[in-house]
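No gaps in the numbering here: position 19 of the sequence shown is 1382 in my numbering, and each next residue is one more.
For each residue, glycine too, the CB sits at the ideal point set by N, CA and C.
It should be emphasised that the depicted structure is a prediction, and the values quoted were computed from it without experimental measurement.
Have a look at the structure below before the remarks.
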Amino acid sequence: MKLADIPELRDSSAAAKLELVEELWAAITAQSDSFPLPAWHVRALDQSLADFQADPLEGSPWPDARARILARRTSS
1364 MKLADIPELR DSSAAAKLEL VEELWAAITA QSDSFPLPAW HVRALDQSLA
1414 DFQADPLEGS PWPDARARIL ARRTSS
């Protein structure tokens, strides 16, 4: 199925398309058990866990990291 095949969607506003994307994403995540993690995701998660376990003080707590990210967004 393609957007071009559904004229009412193709011609809808960006806001309406975003709303549809949100609905589609919710439907996909509701079926997440149907989609196994790719092996590379598992390897990346394993590596992140190993890095954390090797040095738990390396890195930043989420509130600090989030504040830095938001500060960068507002300063650019």
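Annotation: Pro1424 to Ser1411 spans about 15 Å, alpha carbon to alpha carbon. With a beta-carbon spacing of about 6 Å, Arg1373 and Ala1367 fall inside the 8 Å limit used to define contacts. Look at the region 1369-1428 and you find these whole runs of alpha helix (DSSP H), each 4 residues long or longer: 1370-1373, 1377-1393 and 1402-1417.
Rounded to the nearest whole angstrom, the CA to CA distance from Glu1386 to Thr1392 is 10 Å.
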